[in-house]
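Following numbering that gives the first Met the number 0, the numbering of the sequence shown begins with 0 at its first residue and continues without gaps.
Just so you know, even glycine gets a beta-carbon here, dropped at the ideal spot from N, CA and C.
For reference, the structure discussed in these notes is given below.
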Amino acid sequence: MKKGFTLLEMIIVVSVLSILFLLAVPNIQKVIKIVDSKGCNALVKVVDSAILQYKLDYDEYPSSISDLVNVGLLSEDQTHCSNGNSIGIYDGQAAVQ
C-alpha cells in the first residue's frame, strides 16, 4: 500500500483552508480599521498636549499645527493619522480634518 495523500484528500484540505481564509479576512480588516481609529484618537490627544505646552510657553494658542512643528513640539509625522487623515487645530483643540 502506498503512503501519501490522495487527490481527494488534498482537495478537501485546500477547500477547508480556503473557507477558513475567507472567514478570517473580513475580521482582520475590521481589526485594522479599529486600530487605525484608536491610533488616530491617541495622536489627537498628543497634539492636544502639544497645544497646551505651546500655550504655556508662548501665552497664546498656536494658529496652526505647523506652529507646533516649527517649535519642535511635534514632528511632521504627528500631523497625519496612519489612515491619511490630517489633524488640525480648531478653537484651540486638535481635531481630525
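Between residue 68 and residue 62, the gap from beta carbon to beta carbon reaches 9 Å or more.
The continuous beta strand (DSSP E) containing residue 87 extends over residues 86–89. With 16 or more other Cβ atoms from the protein chains shown falling within 10 Å of its own Cβ, residue 53 counts as buried. Linking residue 27 to residue 35 through their CA atoms gives a straight-line distance of about 12 Å.
Take residue 21, set aside five residues on each side of it, and no residue of its chain has a beta-carbon closer than 8 Å to its own. Taking every protein chain shown into account, the CB of residue 19 has fewer than 16 other CB atoms within 10 angstroms, so this residue is exposed.
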